[in-house]
Every structure is written in structure tokens, then in C-alpha cells.
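Chains as they are written, first to last, in this note's numbering: chain P, 1 to 101; chain V, 102 to 483.
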């Protein structure tokens with residue numbers, strides 16, 4: 001006789017129930033690494049990059065920056081792999097590659 | 102000020118606008134819809150004349166009106182808007198958001214029938230259809246009550262952090278001219294202090310308003326919101342009391358008002374301007390020796406179950422007048438009252454009347470009383 005028991009879903013003990021669900025500390029979304037949602041990842045060919053900044057402007061997550069050599073650089077912690085950067089790059093320096101498991 | 106100086110004859114819509122002006126909202130975002138237009142036009146005029154220092158945003162729809170109010174209120178600014186029927190229905194999703202975010206927005210609703218078919222006249226189906234939206238709903242019988250309730254609404258809303266709808270029957274009340282005892286700016290300033298929320302959107306102190314809430318937390322927020330609504334019952338009574346102490350006018354104890362209920366055997370129960378008509382009917386009945394009274398429901402949300410149980414405790418039967426119909430069931434007020442009184446031995450009859458601006462006459466209410474206790478539970482008065 002196997003009884004299937006389901007654990008009651010609990011809320012995290014330390015999470016406050018603020019009025020109106022306000023989150024009072026700024027920047028809390030940084031804790032959520034949305035990069036884990038990715039299926040494809042943008043790979044930038046630094047040699048081809050002309051530092052135009054289009055990918056930076058169009059990225060909906062704001063997670064592409066110029067590196068020290070003023071070449072586009074992706075923050076893979078938050079990149080969701082939407083592919084907009086690859087679409088807008090005028091020199092096709094960005095390729096979308098399957099995320100390796 | 103001498104008593105006569107602060108008494109003016111005003112259209113109810115204008116009285117509401119004057120009351121809003123005294124409460125000094127910082128942002129008014131509204132879209133016109135008959136019969137609310139008279140309120141927002143007057144407010145636009147006051148802003149244009151420099152008599153009201155508010156940002157008047159001419160939005161492109163009622164959904165935007167509520168969205169703009171939500172945004173503005175979240176930055177710590179008092180807001181106001183007005184709508185009814187199709188407009189209220191259009192902003193439906195935002196109503197739930199305003200209350201979920203616990204923003205004390207005050208909105209006048211000039212209750213009007215919902216399409217289809219198109220009907221621009223008075224009927225309470227619009228606000229009643231939004232009874233689950235988490236808004237406090239206060240219904241007014243007279244222009245004076247609408248004026249007073251608008252001022253009280255800001256105090257209640259800001260204390261409980263819940264939005265409030267001030268309801269007046271479209272045309273039947275919104276467009277009538279009545280003498281109003283006006284209050285002065287100092288009176289209202291002392292009654293409704295400046296809006297100063299603890300938390301608001303401010304680039305200097307960033308916070309998040311409106312995050313996602315997963316299954317592990319959402320239910321706790323809803324319970325918190327529901328409990329705040331229940332707590333409002335007390336706050337609404339307190340506010341009514343305080344208003345009465347300061348300005349010598351009260352509406353029952355704030356939730357339910359009674360008329361000639363002493364030793365009554367049966368009662369009419371109604372909401373809104375029909376209560377005025379009901380008072381005349383009760384007077385006639387009392388003249389004939391009938392022991393009838395009126396129970397006026399002022400606060401529909403939160404629902405004042407204990408007050409209703411207390412008021413009806415010695416009655417044999419009641420006739421609930423609904424200026425709305427929950428298609429497929431019965432009048433909404435009837436359904437909620439029946440639920441509240443489920444453990445009492447009292448016969449409750451429902452009379453649907455006055456939909457789409459159809460007049461609720463003294464004859465109709467007299468008919469309702471004569472049919473009280475009848476077998477047919479839900480009856481329509483034409």
C-alpha cells in the first residue's frame with residue numbers, strides 16, 4: 001500500500017510579506033540569474049567587432065558592454081539568448097550557438 | 102463662516118468636483134464617459150483656472166486613466182479619476198492592480214448600465230461587477246452625501262492603503278441639483294492631512310513596486326489585502342464618526358444607515374439614490390400603521406455582514422431592491438445579504454428594479470413591500 005504524500009509548498013521563511021508586495025531593497029533582480037533560461041548563446045567574434053554599440057543599445061536585458069579593448073562583451077549570467085544582438089550587428093560579428101549542456 | 106454663506110445649490114457632479122478640489126490631488130487622469138463627464142470637465146476647468154494645482158492628464162482610454170493614477174500614486178502623489186460602465190469595465194484589470202499594489206486611489210463612479218444593448222443611464226451593475234476587485238465601494242443617496250463621502254474616501258483610502266470608489270447613480274443622482282453645505286479648505290486640510298506614504302517610487306531611494314509573486318508567496322499577499330479590507334469596516338465607521346463630530350453630518354454608523362427601523366417588522370433594503378424614494382414610501386406606510394423601515398446599505402465593499410445581521414435581527418422579512426442583475430443568478434445585493442443572513446430566520450425577497458435608468462418609483466417600492474414574503478424569491482419590477 002503506497003500512499004503518495006505531497007509536501008505542502010512553503011514560502012521561504014525569511015521572505016517578508018510587505019504591504020502591496022513592495023520590495024524595499026533596490027537591485028534585487030540581480031539575484032535572479034536569467035542566463036539559465038538560455039537555449040542559444042551569442043558568441044562575439046571580437047576581431048570582426050567594429051565597436052558600433054548597436055548590440056549594446058538593442059539588448060533588452062542591457063547585458064552587453066564594451067570590454068577593455070572596446071569590443072562588445074556579453075554577460076552570460078543574465079543573457080537570455082534572444083538573438084537580437086546577432087540580428088542588429090551590421091558586420092555579422094555575433095553568432096547564435098546552441099548552449100552546451 | 103455664517104451658515105448661509107457655505108450653502109450652495111450645486112449639481113451632484115459639481116459637488117463631487119468641489120470636494121475633490123478641497124482634497125488637493127496632484128494628478129488627475131481621466132477619460133470622458135457619460136454621465137461622469139460633468140465631474141472631470143469641472144476639474145479640468147479648475148486646473149485651467151489655476152484654482153486646482155494638479156497635473157491633468159488627458160489619457161486615451163479609461164485603462165490608461167487608471168494606469169496613470171497607479172503610476173502617479175506610486176510616486177507618492179494623491180490622485181483622482183472618475184468613470185462608469187464601459188469605462189470601468191475597460192479598466193477592470195487595472196482595478197485589481199491598484200488594490201493589489203495597495204494604492205489609495207479615489208475614484209468617482211457615476212453608476213451606469215453596461216452594454217449591450219447600449220444604455221447611458223443609471224444602474225449599479227458596473228461597480229457591482231467589480232466587487233471582487235479589492236476596491237472599497239461606498240454608495241451615496243444624495244449630493245451632500247457624495248460630497249462628504251468623497252472627502253472621507255481619501256482619509257479611509259490613505260489609512261488602509263486601499264483604493265475607494267464613491268458611487269452615485271448615473272443621471273438619477275449625478276445630474277441633480279441640490280443644496281450643499283460646503284466645507285472650507287482649512288476644514289478639509291485638518292480632516293484629510295497631506296498624503297505622505299512611507300514607501301514610494303523615488304530615484305534617490307529605489308524600491309520595486311509591482312514584482313512577480315510565485316505560488317509560494319502570492320496567497321499571503323492576498324490574505325493580507327483581504328484582512329486590510331475587513332479592517333476597513335472599522336475605519337469607515339471611525340471616519341464617519343470623526344466627520345460627524347467635526348462637521349455635524351453622519352450617515353448611519355458609516356456602513357449601514359437605517360430609517361424608521363424602530364419596532365419594524367419588515368424592511369426595504371436598498372443602495373444609492375433609490376433610498377431617497379424609499380424614505381417617502383416608508384413614511385406613507387408608517388402613516389397607515391404598517392411597521393416598515395428602510396435599511397440603506399452605504400458600504401458594499403467591504404461587505405458589512407455583522408451590521409446587517411444586527412439590523413435585521415428582529416425582522417420577519419425584508420425586500421432587497423437590486424439596481425443590478427447578476428445574469429443567471431439574482432441581484433448581487435440580495436445574494437450577499439442572503440448569505441450574511443443564512444443563519445437567521447428571515448424571509449428575503451429580491452426585487453430587480455431601475456435597470457438602464459428606468460425610474461424606481463414610489464409605486465414600485467410600495468409594490469415590493471406588498472409582495473414581501475411572497476413565494477417567488479426573485480421578482481422584476483417594471
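Note that beta-carbon positions come from the ideal geometry of N, C-alpha and C, so glycine has one too.
By DSSP, does residue i sit in helix, in strand, or in coil?
i	result
residue 389 of chain V	coil
residue 233 of chain V	coil
residue 102 of chain V	Confidence in residue 102 of chain V is poor, its pLDDT being 48 and thus under 50, which makes the residue's placement too unreliable to answer from.
residue 139 of chain V	helix
residue 80 of chain P	coil
residue 363 of chain V	coil
residue 443 of chain V	coil
residue 153 of chain V	coil
residue 377 of chain V	helix
residue 289 of chain V	helix
residue 223 of chain V	strand
residue 485 of chain V	As shown, chain V starts at 102 and ends at 483. That puts residue 485 of chain V outside it, with no answer to give.
residue 462 of chain V	coil
By the criterion of Cβ-Cβ separation under 9 Å, what are the contact partners of residue i in chain V?
i	result
residue 188 of chain P	Look at the range of chain P in this structure, 1 to 101, and you will see that residue 188 of chain P is not part of it.
Report yes or no: is there a C-beta of chain P within less than 8 Å of the C-beta of residue i?
i	result
residue 294 of chain V	no
residue 284 of chain V	no
residue 262 of chain V	yes
residue 300 of chain V	yes
residue 197 of chain V	no
residue 152 of chain V	no
residue 322 of chain V	yes
residue 253 of chain V	no
residue 245 of chain V	no
How would you list, in chain order, the residues of chain P whose beta-carbon sits under 8 Å from the beta-carbon of residue i?
i	result
residue 177 of chain V	The contacting residues do not exist; residue 177 of chain V stays about 13 Å from chain P at best.
residue 325 of chain V	17, 19
Just list the residues that DSSP pairs residue i with in beta bridges.
i	result
residue 109 of chain V	V/281
residue 370 of chain V	V/396, V/421
residue 40 of chain P	P/98
residue 450 of chain V	V/420
residue 383 of chain V	Residue 383 of chain V is not bridged to any residue.
residue 358 of chain V	V/397
residue 159 of chain V	V/131
residue 266 of chain V	V/208, V/238
residue 88 of chain P	Looking at the DSSP assignment, residue 88 of chain P forms no beta bridge with any residue, so it has no partner.
residue 481 of chain V	V/453
residue 27 of chain P	DSSP lists no partner for residue 27 of chain P.
residue 183 of chain V	V/209
residue 64 of chain P	P/74
Starting from the beta carbon of residue i, find every residue of chain P whose beta carbon is closer than 7 Å, and list them in chain order.
i	result
residue 202 of chain V	20
For residue i, collect the residues of the same chain with a Cβ closer than 7 Å to its Cβ; drop the 5 residues on either side in sequence, then sort them by chain order.
i	result
residue 376 of chain V	242, 395, 397
residue 259 of chain V	205, 296
residue 431 of chain V	451, 479
residue 272 of chain V	136, 222, 223, 458
Name the chain P residues whose beta carbon is nearer than 9 Å to that of residue i?
i	result
residue 312 of chain V	21, 22, 23, 28, 29
residue 331 of chain V	Going along chain P, no residue has its Cβ under 9 Å from residue 331 of chain V, so there is no contact; the nearest lies around 15 Å.
Whose Cβ in chain V lies nearer than 7 Å to the Cβ of residue i?
i	result
residue 15 of chain P	318
Can you give me the Cβ contacts of residue i inside the same chain, cut-off strictly under 8 Å, excluding the 5 residues immediately before and after it?
i	result
residue 404 of chain V	437, 441
residue 20 of chain P	none
residue 81 of chain P	37, 38, 39, 40, 41, 42, 96, 99
Against chain C, does residue i count as a neighbour if the rule is that its beta carbon must be under 8 Å from one of theirs?
i	result
residue 118 of chain V	Of the chains in the structure shown, none is chain C; the protein chains are P and V.
Excluding five sequence neighbours on each side, which residues of the same chain lie with their C-beta closer than 6 Å to the C-beta of residue i?
i	result
residue 77 of chain P	33, 35
residue 354 of chain V	338
residue 46 of chain V	A query on residue 46 of chain V cannot be resolved here, the shown segment of chain V reaching from 102 to 483 and no further.
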